[in-house]
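Undergrad: Residue numbers (mature numbering (1 follows the signal peptide of the UniProt record, and there is no 0)): -22 to -1, 1 to 132.
Structure incoming, see below.
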C-alpha cells in the first residue's frame, strides 16, 4: 500500500514536470517566432536581429531547403547567420506572419508552422520580390537554446 502511494506521487510529479516542460517550450516557441518575425519587418534593426540571435547557440546549424541543405553545426554558425541576415535586413516593405501550430517533443525539439507574406526589394538584384507561403521550422534545443534550425516550405 505504501509503495502504491509513492508510485502515484511519483507519476503525478512526472506528469506535472512534463506539463511544465511543454509549457516552457511553447513559451520559448512563441518568443522565437516573435523575434524571428521582428527580423523580417520593414523596420527591422540590428538590435532586433541580435534579440533573435541570442536564442541560438554559437555553433547553430541551419538548413532552408531547397536553398541551403547542409545543416552542419560549425563554430561560426551564428556569425554566418548574422552576416546573411544582415544582408537582407530591412529589404521587406511589407511582412506579415501568423503562427499556426506549435509542436513540442520532450525538451529537445520544437516544430513551428506559420504562414507569411512578404513584399520588398531584393538587396542584390534590386528587383521587386513578393512571396506568400506556409513554413515549418523544426528547432533542435540544447541547453535552452536553438542548436539546429531546419526550414521547410509546404
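Note that the Cβ used here is the ideal one computed from N, Cα and C, for glycine as well.
These figures come from a predicted structure and were not determined experimentally.
Since residue 31 and residue 59 should fall inside the 8 Å C-beta cutoff, what is the C-beta to C-beta distance between them, to a whole number of angstroms?
TA: Reading the chain shown from its first residue, position 53 is the one you call residue 31. Reading the chain shown from its first residue, position 81 is the one you call residue 59. Between residue 59 and residue 31 the Cβ distance is about 7 Å, and since that is below 8 Å, they are a contact.
Undergrad: In angstroms with no decimal places, state the Cα-to-Cα distance between residue 118 and residue 106.
TA: As a first step, residue 118 must be located in the chain shown, where it is residue number 140. As a first step, residue 106 must be located in the chain shown, where it is residue number 128. When rounded, the distance between both Cα atoms is 34 Å.
Undergrad: Do residue 35 and residue 125 have their beta-carbon atoms positioned less than 8 Å apart in this structure?
TA: On the chain shown, residue 125 is found 147 positions in, with the first residue counted as 1. On the chain shown, residue 35 is found 57 positions in, with the first residue counted as 1. The answer is yes: Cβ separation under 8 Å.
Undergrad: Measuring only the C-alpha atoms, how far is residue 7 from residue 89?
TA: Within the chain shown, residue 7 is the residue found at index 29, counting from 1. Within the chain shown, residue 89 is the residue found at index 111, counting from 1. Their backbone Cα atoms lie some 8 Å apart in a straight line.
Undergrad: State yes or no: is the C-beta of residue 37 within less than 8 Å of the C-beta of residue 53?
TA: The residue you call residue 37 lines up with position 59 of the chain shown. The residue you call residue 53 lines up with position 75 of the chain shown. Cβ distance < 8 Å, so residue 37 and residue 53 count as in contact.
Undergrad: According to DSSP, is residue 23 part of a helix, a strand, or is it coil?
TA: Within the chain shown, numbered from 1, the residue matching residue 23 stands at position 45. Here residue 23 sits in coil by DSSP.
Undergrad: Across the stretch 108 to 117 and the stretch 17 to 29, are there enough close Cβ pairs to call them in contact, namely three or more that are closer than 8 Å?
TA: Short answer: they don't touch.
Undergrad: Pull up the DSSP beta-bridge partners for residue 78, would you.
TA: For the purposes of this step, residue 78 is taken as residue 100 along the chain shown, with counting starting at 1. Paired residues: none, contrary to the question.
Undergrad: Give me, in chain order, the residues of the same chain whose beta-carbon lies closer than 6 Å to that of residue 140; leave out the 5 immediate sequence neighbours on both sides.
TA: Given that the chain is displayed from residue -22 to residue 132, the structure contains no residue 140 and the question cannot be resolved.
Undergrad: Look at the alpha carbon of residue 47 and the alpha carbon of residue 55, and state the distance between them as a whole number of angstroms.
TA: Start at 1 with the first residue of the chain shown, and residue 47 comes out as number 69. Start at 1 with the first residue of the chain shown, and residue 55 comes out as number 77. Each residue's Cα considered, the two are about 14 Å apart.
Undergrad: Give the DSSP bridge partners of residue 125, in chain order.
TA: As a working mapping, residue 125 is identified with position 147 in the chain shown. In DSSP, residue 125 forms no bridge with anything.
Undergrad: Provide the residue span of the beta strand (DSSP E) that contains residue 39, from first to last.
TA: By 1-based counting over the chain shown, the position of residue 39 is 61. Looking at the DSSP string, the run of the beta strand (DSSP E) that includes residue 39 is 34 to 42.
Undergrad: How would you call residue 82, buried or exposed, if buried means at least 16 neighbouring beta carbons within 10 angstroms?
TA: Translated into the one-based positions of the chain shown, residue 82 becomes position 104. Per the 10 Å Cβ criterion, buried.
Undergrad: Using the rule of at least 16 other Cβ atoms within 10 Å of the residue's Cβ for burial, across every protein chain shown, is residue 43 buried or exposed?
TA: For the purposes of this step, residue 43 is taken as residue 65 along the chain shown, with counting starting at 1. Exposed.
Undergrad: In angstroms, rounded to a whole number, what distance separates the CA positions of residue 41 and residue 85?
TA: The residue given as residue 41 occupies position 63 in the chain shown. The residue given as residue 85 occupies position 107 in the chain shown. Distance between the alpha carbons of residue 41 and residue 85: 21 Å.
Undergrad: From residue 66 to residue 127, what distance separates their C-alpha atoms?
TA: Your numbering for residue 66 matches position 88 in the chain shown. Your numbering for residue 127 matches position 149 in the chain shown. Approximately 18 Å between the Cα atoms of the pair.
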